[in-house]
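Step one of this worksheet: look at the structure below.
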Amino acid sequence: MTNASAVSRLFEPASLGALHLPNRLVMAPMTRNRATADGVPQPIMATYYAQRASAGLIIAEASTPNAVGQTYPNITAIYNDAHVAGWRHVTDAVRAAGGRMFLQLQHGGRVGHPDTSGMTPVAPSPVPLPETIFTPGGHRSAVVPREMTIDEIRATTADFAAAARNAIDAGFAGVEVHAANGYLLHQFLAQGTNHRTDAYGGSVAGRIRFVVEVARAVADAVGPERVGIRIAPGLTVNGIDEGDTEKIYPALISGLADAGLAYLHMVFADPHQPLFQEIRRIWPGTLIANPDLGWGKPLPADGGRDKSEQLLAAGADLISLGRPFLANPDLVERLRIGAPVNQVRDEGLMYTGGPAGYTDYPLLADLQHRAETPEPVGP
Ligand SMILES: Cc1cc2nc3c(=O)[nH]c(=O)nc-3n(C[C@H](O)[C@H](O)[C@H](O)COP(=O)(O)O)c2cc1C
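Note that my numbering gives residue 365 to position 365 of the sequence shown, counting from 1, and the numbers run on in steps of one.
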């Protein structure tokens with residue numbers, strides 16, 4: 001083990017809106033499918049998040065702001081009183097454990113299925129997901145989504161704002177608008193999924209319009225210092241083809257630069273990429289960068305610390321990590337002292353119910369105790 005914490009900015013405090021963060025490590029949002037079928041968080045989720053309360057900030061998993069926005073089975077929601085009550089148990093537990101928490105708001109758009117939500121998914125244009133999608137009955141072919149009318153676009157914006165108010169009622173310090181990873185907002189940004197000829201499509205100004213309106217409506221609802229937004233420039237996940245990535249994001253970020261938002265959160269940020277550097281230059285506020293640790297590969301032995309420090313040096317203010325937090329409830333301490341990290345045990349357990357692969361990852365202290373305790377001697 002090394003002890004380089006004195007020279008690492010990762011463990012320096014930071015402020016975010018009205019929040020004081022004890023370190024610069026953020027738990028990235030991760031869908032874990034442990035809610036009820038109608039989206040109510042379960043008690044085990046309070047345990048899971050409280051275990052990870054030493055993160056500077058937790059961004060809780062994607063939660064749908066309305067019924068048609070549901071992506072997969074057993075994801076969380078935040079549009080009725082039962083959802084608020086379920087989440088309140090989680091935020092209470094995290095606060096009691098000394099942590100701070102935002103909630104991610106995600107509308108799936110075309111990434112949804114009638115077998116899951118009971119509804120035909122909606123999207124900017126009737127372009128289906130070019131993949132199968134997981135439903136309660138297993139993987140199914142995607143259906144053609146229904147093109148949103150202007151009235152539906154306005155109603156969806158209002159649903160995001162109402163969901164943000166619910167999240168604050170549920171005890172979250174703020175919300176993250178999910179405009180990344182191929183879900184509804186990203187579908188509006190991308191040429192491959194947005195074929196509209198009205199004010200919400202066509203030019204870059206048209207394609208960014210919905211995302212800017214949602215972010216501003218959410219900021220109006222709960223205060224801009226309680227709102228972040230997540231983007232994934234160039235990511236092709238969920239069949240996304242942006243077309244003009246280099247134009248979309250500078251325009252989007254310029255369109256939000258004066259909104260006073262708490263942060264911009266960038267997925268798979270590369271400190272050497274010109275677009276990352278441009279985004280850092282034009283975004284005036286806090287930038288959370290999610291390093292690319294190698295998707296589908298084992299976690300790096302240092303848990304991502306080196307890549308995180310490179311991003312801080314390149315201008316990021318906070319660093320988000322996903323799988324390292326999933327597998328290591330005490331990640332902050334492990335990174336601080338240079339201890340080895342637990343690997344994700346079984347990717348099959350990421351999206352299933354129950355405690356296995358969820359609340360049963362060992363702390364460093366547990367492992368040390370096990371190593372020091374002699375095996376019982378048999379008769
Ligand atoms: C199990 C799992 C669920 C995820 N769910 C979400 C999600 O709900 N919202 C989101 O924006 N990203 C989600 N992601 C992506 C992570 O936030 C993160 O960007 C990704 O895992 C890369 O970071 P990492 O290499 O540190 O894990 C998920 C990732 C994993 C592993």
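Glycine included, every Cβ here is placed at the ideal spot set by N, Cα and C.
As the structure is a computational prediction, the values presented were derived from the model and not from experiment.
In this structure, Gly109 and Tyr183 form a Cβ contact; the two beta carbons are roughly 6 Å apart against a cut-off of 8 Å. Residue state for Asn290 is assigned as strand, using DSSP reduced to three classes. Each of Leu25, Pro298 and Met101 was checked against the Cα of Ala50, and the nearest Cα belongs to Met101.
An exposed status is given to Leu367, since fewer than 16 other beta-carbon atoms sit within 10 Å of its beta-carbon. For Pro13, the closest alpha carbon among the candidates Glu372, Val332, Val341 and Met350 is that of Val332.
Using a C-beta cut-off of 8 Å, the segment 340-348 makes no contact with the segment 44-61, since fewer than three inter-stretch Cβ pairs fall below that distance.
If you check the C-beta of Gln104 against ligand 1, you find a heavy atom less than 8 Å away. Exclusion of Asp270 from the 8 Å shell around ligand 1 follows from its C-beta lying no nearer than that to any non-hydrogen atom of the ligand. The segment 103-191 contains, as complete beta strand (DSSP E) runs of 3+ residues, the segments 132-135, 138-141 and 174-178 (chain order). No heavy atom of ligand 1 is found nearer than 8 Å to the CB of Pro284.
Relative to ligand 1, Val218 has its C-beta separated by 8 Å or more from all heavy atoms. Looking at Arg34, Phe11, Asn23 and Leu16, the one whose alpha-carbon comes closest to that of Thr359 is Arg34. Sequence-distant partners of Asp169 (beyond 5 residues in either direction) whose C-beta falls short of 7 Å from its own C-beta, in its chain, are Val84. The C-alpha of Ala314 is placed about 13 Å away from the C-alpha of Thr286. In this structure, DSSP gives Tyr263 an extended state, which the three-state scheme calls strand. Between Ala179 and Ala215, the C-beta spacing is below 9 Å. Buried is the label assigned to Pro65, since at least 16 other Cβ atoms lie within 10 Å of its Cβ. In terms of CA proximity to Leu105, Glu61 leads the group Phe134, Pro284 and Glu61. Listed in chain order, the non-local C-beta contacts of Ala161 below 6 Å within the same chain comprise Ala217, Val218 and Ala221, local neighbours out to five positions each way being set aside. For Gly86, the enclosing alpha helix (DSSP H) stretches over residues Asp81 to Ala96.
Taken through DSSP and simplified to helix, strand or coil, Ala269 comes out as strand. The continuous beta strand (DSSP E) containing Ser320 extends over residues Leu318 to Leu321.
A Cβ-Cβ contact shorter than 9 Å links Gly69 with His107. Of all alpha-carbon atoms in Asp151, Gly171 and Arg226, the one lying nearest the alpha-carbon of Asp198 is that of Asp151. Proximity to Val341 across Gly354, Leu349, Thr352 and Ala327 peaks at Ala327, based on C-alpha coordinates.
For Val26, the beta-bridge partners assigned by DSSP are Leu57 and Ser320. Across the set Pro284, Val143, Ala232 and Asp258, the C-alpha of Ala232 shows the shortest separation from the C-alpha of Asp292. Minimum Cα-Cα distance from His186 among the listed residues Asp92, Ala173 and Gly201 corresponds to Gly201. If the five residues before and after Glu213 are omitted, its C-beta is found closer than 7 Å to the C-beta atoms of Thr157, all from its own chain and listed in chain order. If you look at His369, you'll find it in the alpha helix (DSSP H) that goes Leu364 to Glu372. By the neighbour-count criterion, in which 16 or more other beta carbons inside 10 Å mark a residue as buried, Ser63 falls on the buried side. Set against 8 Å, the gap from the CB of Val267 to the closest heavy atom of ligand 1 is smaller.
Between Ile58 and Gly99, the gap from beta carbon to beta carbon is short of 9 Å. Bounds of the beta strand (DSSP E) holding Ile231 are Val227 to Ile231. For Leu275, the enclosing alpha helix (DSSP H) begins and ends at Pro274 to Ile282. One thing to note: Glu242 has its Cβ no nearer than 9 Å to the Cβ of Gln273.
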